[in-house]
Amino acid sequence: MKIRPISFHLNPWQWGIALFLCLLLVVGMTFVLPSAIDFHSYFRPAALAVLHGHSPYDTPGFFNAPWAILPILPLALLPESLGRAVLAVAAFLTYGYTAYRLGGKPLAVTFFLLSPTVVHDLLNGNLDWLTMLGFVLPRPVGLFFLAVKPQIGAVVGLFWLIEAWREGGWKRVVHDFWPFASALGLSFIIFGIWPLRFQANLTMWWNASLWPMSIPVGLALLTAAVHKRDQRLAMAAAPCLSPYLLLHSWGAALLAIIDQVPETIAAVAGLWILVAIRAAGG
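Taking the numbering used here, I'd label the letters of the sequence shown as residues -6 to 275.
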């Protein structure tokens, strides 16, 4: 998979204007956005717990990797409405950046940003955008991002493991995976085996997973990803192989086709049809 290089050739005035527009957007969002259930109920309380010297897992409903709380720490110090606005703007910009790096043309990126998956994530104040950012980062760094949402990151991590072995055997595997493996082991020692906490969500009504019916599709996509050495297919396989995920997690599959404009438009239209049908049915 080719990842589009990106460079920012902006002069100081242009950087200043961009920063001003971002600040203006944050201020506007502070007064417009409703409260985000995930930020309000889970991530912000977990960040405040850490700031007070407690474990983030003392917060009921926090199931993510412990380092997922790091970008939330400065936001937790802000008034909640302001921190929530900063999170929404950061997520929106990151989604756009990730889609562009994956080869999305302006029209496809626009449709992706207006898709139910992105809108749902922004309204809930969740962190799927961090995991999807990991798709375009170097493996040693990206693995930490994939672990924020294992339900959409684990399959891509497995694909990276296979690719590392192909590229350089065990030496390349150690080179790419030892920082993450060390941090993961340390987190288990400190916090216990935190991924097991996801079990509590498997039977919740908001679970948007198609598992186990989606297993055949996921395995076929993963097999094709390994055979063709195409990360996009692994990204599409991830939601199909997870027993738990929310609507916004399906954005990983949508990003897999972001370099194809007609297909992206059709998928986004289909998602909005799905939302309309679900809304009409209560």
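Beta carbons are placed, not taken as given, at the ideal position from N, Cα and C, and that holds for glycine. The model shown is predicted, which means the values in this text are computed figures rather than measured ones.
Minimum C-alpha distance to residue i - residue among the options
i	options	result
F55	A176, I183, F138 and D31	D31
A157	G150, R165 and G135	R165
Y88	L248, V268 and A259	L248
A259	F104, A272 and A269	F104
F85	F137, L44 and C15	C15
H287	G178, H45 and P131	There is simply no residue 287 to check, as the chain begins at -6 and stops at 275 in what is shown.
F170	I182, I183 and I155	I155
L68	A213, W163, H33 and A218	H33
L276	I270, S175, I65 and E160	With the chain covering only -6 through 275, there is no way to say anything about residue 276.
L41	V19, A29, S28 and L71	L71
L267	S108, F128 and L126	S108
L239	P5, P209, L203 and V210	L203
T124	A269, G244, L264 and F184	G244
Contacts around residue i, its chain only, beta-carbon distance under 6 Å, and the 5 residues preceding and following it disregarded
i	result
R190	F56
S180	P59
V254	K98, L100 and A101
A246	A229 and P232
Cβ neighbour criterion (16 or more within 10 Å) applied to residue i
i	result
L120	buried
G97	buried
N117	buried
V134	exposed
T216	exposed
W8	exposed
R222	exposed
L139	buried
I182	exposed
G161	exposed
H113	buried
F173	buried
W153	buried
Cutoff 7 Å; reference residue i; Cβ partners in own chain excluding five residues on either side
i	result
A39	P49, T52, F55 and I62
L75	T23
L286	No answer is possible for residue 286: the residues shown for the chain start at -6 and end at 275.
I65	F36, R37 and A40
L44	L66 and A69
A29	R77, L116, N117 and G118
Beta-carbon contacts of residue i that lie in its chain and below 8 Å, excluding the five residues immediately before and after
i	result
I251	A92, L95, G96, G97, A101, V102, F105 and T257
S242	T110, D121, K142, Q144, I145, A201, P232 and S235
Given 8 Å, three or more beta-carbon pairs between the region 218 to 233 and the region 143 to 162: A contact exists between the region 218 to 233 and the region 143 to 162.
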